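In order, the protein sequence lines correspond to chains W and B.
For the first sequence, counting from 1, position 100 maps to 100 in our numbering; every step adds exactly one.
For the second sequence, counting from 1, position 46 maps to 46 in our numbering; every step adds exactly one.
Taking it in order: structure first as structure tokens, then the write-up.
There are 2 protein chains.
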Amino acid sequence: MRKKGKIVLASGTFDLLHLGHVRYLEEAKKTGGKNAKLVVIVARDKTVGKRKGVKPIMPEEHRRALVESLKVVDEAILGYEDFDIACVIEELKPDVIAVGYDQAGIEEQVRRAVACSGSSIKVVRIEKFGRDELNSSLKIKTKISQMYRR
Amino acid sequence: MRKKGKIVLASGTFDLLHLGHVRYLEEAKKTGGKNAKLVVIVARDKTVGKRKGVKPIMPEEHRRALVESLKVVDEAILGYEDFDIACVIEELKPDVIAVGYDQAGIEEQVRRAVACSGSSIKVVRIEKFGRDELNSSLKIKTKISQMYRR
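Written out as structure tokens, the structure reads:
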């Protein structure tokens, strides 16, 4: 019987996909070892709007499909409208949850939910890739708006 | 002996990667049939600057690596500084060259070069995917700049 790989869970908005996103997902998958399966939760427009006060540029279904078209990703799904990490854990039963360097708020929620669930899920933080200013959707947007203002 | 698949060549700038790019690449690969290999030429910053008067937002190596991280892509390479389709044909020996709906200028160059080379390379045009306004890097940039002006 073939040994089943671990399920690694990553998440994000992935508005304006850039290399920093791909590196985060690659590092996330590595934490699950050989044969790991990477499932990515893509935040819904509504959730992002509530959290950041402004909806993403790209609609949720575009963002989801684009993330799923990456080699490193096995499956990309849209998040719950009201993000509830306990439900996610219950439903997807991940072995590892990988949070990005800029997801401190989410990391805290995740650690609390994991502790409550009494499960042995590993929570890992993926460090930022490179120092490049273009590893951030916000900085890309700022660069574009500055170029167009001229 | 395993039958070797056809080599399909696609090209573009791929600044701000979106779903329209992925669909173009998927359709391009399909034209090569089973076991096709998709090689993508990503335009250099300099070439884009000369042609469009403004360099891309994302640097060439980021754009290349991001395109290569897509499932549908077998290999992504940076173009020649002075784009010369005859050299590309000579070096990569593609079976099919797929041009995008918005690459009319390139299509003409390609058809001329193929005719001159006396080869049997097929040139196909891939139609636009959907009517969505967000299937264009330019429209995405415009939307961003409008949002930031407010």
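Quick reminder that beta carbons are idealized off the backbone N, C-alpha and C, glycines included.
Fair warning: this is a prediction, and the values are worked out from it, not measured in the lab.
In the structure shown, Arg44 of chain B adopts coil according to DSSP, grouped into three states. Within chain W, no residue has its CB atom less than 9 Å from the CB of Ile126 of chain B, the nearest being about 16 Å off. Apart from sequence neighbours up to five positions away, the residues of its chain that approach Lys37 of chain W with a beta-carbon distance below 6 Å are Gly5, Ile7, Asp74, ordered along the chain. With its beta carbon at least 7 Å from every one in chain W, Lys46 of chain B lies outside the interface. Residues of the stretch 55 to 76 of chain W that bring their beta carbon within less than 8 Å of a beta carbon in chain B comprise Ile57, Met58, Pro59, His62, Ala65, Leu66, Ser69, Leu70, Lys71, Val72, in sequence order. Taking a 10 Å sphere around the C-beta of Gly12 of chain W, we find 16 or more other C-beta atoms and assign the residue as buried. Between Arg125 of chain W and the set W:Thr31, W:Asp15, W:Leu17, W:Met58, the nearest pair of CA atoms involves W:Thr31. Proximity of chain W to Leu19 of chain B at the Cβ level (cut-off 7 Å) is accounted for by His62, Ala65, Leu66, in chain order. For the set W:Val67, W:Gly79, W:Asp45, W:Ile85, the Cα lying nearest the Cα of Val54 of chain W is the one of W:Asp45.
The C-alpha of Glu60 of chain B is placed about 18 Å away from the C-alpha of Val22 of chain B. Around the beta carbon of Lys34 of chain B, a 10 Å sphere encloses fewer than 16 other beta carbons of the protein chains shown; the residue is thus reported as exposed.
Distance from the CA of Glu90 of chain W to the CA of Glu27 of chain B, rounded to the nearest whole angstrom, comes to 38 Å. By the rule that beta-carbons nearer than 7 Å mark a contact, Tyr24 of chain W does not touch chain B. The DSSP-derived three-state label of Lys29 of chain B is helix. Arg64 of chain B is classed as buried because its beta carbon has at least 16 other beta carbons within 10 Å across all chains shown.
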